[in-house]
């Protein structure tokens, strides 16, 4: 059968019923050297290339200790929205969980920003895509709570004609929000420490304080991501301790663009591969304030402490070492998707873009831009860029 040949060619798992039963019992299969099955590794599991009912899919195998995230992922089961990675099937046992998702050709947004500088037009288009996904979630009373570039898949080769009346610019990619393992229903409380949500560097002050969460919490994280698309740096990249970041964000309203405040803190050197290289006891005084208002934060800090800054989630990439000649060929191909169609200098519009993300990360949730307001202002920037 043709799909079996295709599966063998790309070393994909064929998800027959016996295979799924085996995976639910024994967990991830052993991977031999030079194999390309693995698409990515996250905090809670590993993602593999797979074939399910003759369709190319991604299979996420969730670890035993993270089975609770399956309940959150199930919020979007069978949702159909062009800006959300579709969850096709979910199965679980007390030992392991399986999530079968669509697998478009593409790579995560974090990888794109690591590779090239995105023109303003594309940063706006990408933000509009993510915003469309969030608005869809919020209308269905769901909060994502882990919005960041590594949780956005850029599906390449997908034709899109823009948003609303902005269809005159045709692009060949679309962005899809993924990883709903931290999602909760609006109004749902997090009484247990394990319910602490999100990635600390993108978390809103109210999330860090265990205060009530709302759609504004996702808008805050989107604002941090907008800054990252522009700056091409990890938020708070000069600080190497998550504990101190949490304290500064809540107590002193620290934001990624406050370079003077970041320099004054003098808490470390720019990061290379990990969030924190400092002792847990080195910032005990600062942390006492945060822990008083949110005892659950210890769970987030311990979860993020040695987590890699950039998770790999590339649906067309091979696992393992990439030869230099492949990198040299891939760079021009990727830039072709993100050409700059602007008809005017964008210096003034860059300032408008900056003001937008600053309006998203205000400390008071009620003062942040709504999703609708943000969409309209982004579309205005796009119209001016395209003339």
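Residue numbers (full-length UniProt numbering): 1 to 387.
We put the beta carbon where it would ideally sit given N, CA and C, even for glycine.
Being a predicted model, the structure only gives us computed values, none of them experimental.
DSSP puts residue 46 in a beta bridge; with which residues?
41, 61
Inter-residue spacing [alpha-carbon to alpha-carbon] between residue 83 and residue 103
13 Å
Candidates 95, 148, 49: closest to residue 64 by CA position
95
Alpha helix (DSSP H) segment containing residue 91, residue limits:
Careful: residue 91 lies outside any alpha helix (DSSP H), inside the beta strand (DSSP E) at 87-92.
Going by DSSP, which residues form a beta bridge with residue 203?
Residue 203 is not bridged to any residue.
Unbroken beta strand (DSSP E) run spanning residue 159, endpoints
152-160
Indicate whether residue 413 and residue 235 have their beta-carbon atoms separated by less than 8 Å.
Outside the modelled stretch of the chain, which goes from 1 to 387, sits residue 413, for which no answer is possible.
Looking at residue 58 and residue 19, is the spacing between their C-beta atoms short of 8 Å?
no
Looking at residue 126 and the ligand NAP, is the gap between the Cβ and the nearest heavy atom below 7 Å?
Of ligands this structure carries none, so the ligand NAP is not represented either.
Range covered by the alpha helix (DSSP H) that runs through residue 259
259-265
With 16 other CB atoms within 10 Å as the buried threshold, where does residue 159 fall?
exposed
Would you tell me roughly how many angstroms separate the C-alpha atoms of residue 29 and residue 232, rounded to the nearest one?
35 Å
Can you tell me which residues form a DSSP beta bridge with residue 52?
55
Classify residue 86 as buried or exposed, calling it buried when 16 or more other Cβ atoms lie within 10 Å of its own Cβ.
buried
Does DSSP put residue 333 in a helix, in a strand, or in coil?
helix
So what's residue 101 in DSSP terms, helix, strand or just coil?
strand
By how many angstroms is the C-alpha of residue 227 removed from the C-alpha of residue 354?
7 Å
Under 6 Å Cβ to Cβ from residue 357, same chain only, skipping five residues before and after it: list those, please.
223, 226, 227
Alpha helix (DSSP H) containing residue 68: first to last residue?
68-73
Sort 74, 93, 91, 124 by Cα distance to residue 386 and report the nearest one.
124
Start-to-end residues for the beta strand (DSSP E) that takes in residue 106:
106-108
So, are the CB atoms of residue 181 and residue 73 less than 8 Å apart?
yes
In the structure shown, what three-state DSSP assignment does residue 178 receive?
coil
Run the CB neighbour count on residue 141, radius 10 Å, all protein chains shown included, and call it buried at 16 or more, exposed below.
exposed
Examine the Cβ distances between the stretch 118-135 and the stretch 365-375 and report whether three or more of them are shorter than 8 Å.
yes
Which of helix, strand or coil does DSSP assign to residue 183?
coil
Residue 339 versus 91, 117, 75, 23, residue with shortest Cα-Cα distance:
117
The alpha helix (DSSP H) with residue 25 in it runs from where to where?
17-26
Please state whether the Cβ-Cβ distance between residue 120 and residue 346 is less than 8 Å.
yes
Residue(s) in a DSSP beta bridge with residue 171
160
Which term fits residue 368, buried or exposed, when burial requires 16 or more other beta carbons within 10 angstroms of its beta carbon?
buried
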